[in-house]
Each structure stands twice: as structure tokens, then as C-alpha cells.
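Please read the structure below before turning to the comments.
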């Protein structure tokens, strides 16, 4: 192992504070997929996010008129 | 839209020595978080830098966030003089990194990587434990939030492979 820092065996209160807000069901669903399926799903999610941003921008511009 | 396949296939086509790290690596390991760029750690030999530059050229790389018109060229000399580059390309944002915090350079990252099958090819991807170390070392709030998810993924993966544990 060539990493310069110890593995994350020591609890970190900041990291632990984030954990209750993470949806474990999404993790479990992802772990049922292959790595390629996960990356393709990420690409689809990105495309969806881009479309939402585009729609939001169009809505703001329409409201300003 | 980001074209991960085009980016990775381009690097593979010119036989660049690289390892997938960052958010895409997190996705490979099961993360549900949205990431927008491809991060890779590349080997710093002259021959590999030449292959990297050749692979990136068709994607028209440019410094991300920099004003248009700067005299920036992603060429061999630029890469030799620099180390880590955050780029915008025709296929989406790409970070080409000579090293990453907490793990180190290409050889160090390669030693903690594993094969992953993507788009019909095999790539090297940083393993989950080392990715957690790298994210923790990066230390930004978004990295620590990512660490929290990656640790939960490790717990879930462990319980799936050892259901009686």
C-alpha cells in the first residue's frame, strides 16, 4: 500500500455528521449494478441536471420580461 | 453532456498510462453523487505525456474557468512544466493530474488501483480504500461528504460479501 496517510480507521466527527443524511437505499441499488451501469446512469443524471438548469434559466428569463 | 466513453476511449487509443480517480471512480464503486468531470492521474514520463497530449488534442482542451483567448496550448511543453490541469473539452470537463493528495503520483495510485470494465474495455481505477484516503486528504467539505458516502459503501459492500458478519 503506497498511500501516505493511514486508512480511515479513525472516526472523523465531521464525516460521521454527514452519514445520517445519506440515503443508503440509493447505495444498495447502485451496488446491484455493474460499474458500467453506474457510470452510464451518472451520464443520464448529468443530462437530466443540464436540462433542469436550461429550463430554470429559461423560466427566470421569462419572468424578467 | 459529458461523454465519458469518448474521453476514456481517447486516452486508451493512444495507450496513455493513467488511472481513473475522483468522482467517476466513486461512481464505479457505487456512489450516487453527481459528478461533472473525469479525473485521471497520468504517468509523467515524456513518452506518456506525448501520448496524453495526442489523446486530448481532438477534444480541444482549454483551461477551465479561464478567459477565452489566453495563449494556452495543451502541448508537451505545457504538461512537462505543469502537473495538474483542470480542463474543459468538447467531451466535458477533464482533470489530468500528475498526483493526488493523500496517495501521490501515478505509480503510487497505480499500486492501489484495480481493473474495471467500462464501455467494452478494461481501465485502471483507484480502489475504494485509497479513494477514501484521497478524498479525506483533499479535505474540502464536499470531499468529506463524499468520504461519508464512500465509507457507507464500504460497509454495505462488506455486509453483502459477508452476510453473516
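Residue numbers (the working numbering), protein chains in the order written: chain A, 35 to 99; chain B, 284 to 448.
Glycine residues also receive a C-beta, built at the ideal position from the N, C-alpha and C atoms.
Everything numeric in this text was worked out from a predicted model, so none of it was measured.
Problem - Three CB pairs or more closer than 8 Å across the region 395 to 413 of chain B and the region 370 to 378 of chain B - result: no
Problem - Cα-Cα separation between residue 286 of chain B and residue 300 of chain B, rounded to whole angstroms - result: Within the model, the alpha-carbon separation for residue 286 of chain B versus residue 300 of chain B is close to 20 Å.
Problem - Alpha-carbon to alpha-carbon, residue 290 of chain B and residue 337 of chain B - result: Whole-angstrom Cα-Cα distance: 12 Å.
Practice task
Using alpha carbons as the reference points, say which of A/50, A/74, A/57 and A/54 lies closest to residue 400 of chain B.
Solution key: Closest option to residue 400 of chain B, Cα to Cα, is A/74.
Handout entry: According to DSSP, residues forming a beta bridge with residue 382 of chain B
Key = Bridge partners of residue 382 of chain B: B/388.
Handout entry: Own chain residues within Cβ distance below 7 Å of residue 40 of chain A, not counting five before or after
Key = Unreliable positioning characterises residue 40 of chain A in this predicted model, as indicated by a pLDDT of 45, which lies under 50. A coordinate reading is not provided.
Exercise for the section: Output the boundary residues of the alpha helix (DSSP H) element that contains residue 442 of chain B. Expected result: 424 to 444
Exercise for the section: Apply the 10 Å Cβ neighbour rule to residue 425 of chain B and answer buried if 16 or more other Cβ atoms are within range, or exposed otherwise. Expected result: exposed
Practice task
Return no unless some Cβ of chain A is closer than 8 Å to the Cβ of residue 313 of chain B.
Solution key: Under the Cβ criterion of 8 Å, residue 313 of chain B is counted among the residues facing chain A.
Practice task
Could you tell me the distance, in whole angstroms, from the CA atom of residue 298 of chain B to the CA atom of residue 333 of chain B?
Solution key: 10 Å
Handout entry: Neighbour list for residue 327 of chain B in chain A, Cβ cutoff strictly below 9 Å
Key = Ordered by position in chain A, no residue passes the 9 Å Cβ test against residue 327 of chain B, which lies about 16 Å from the chain.
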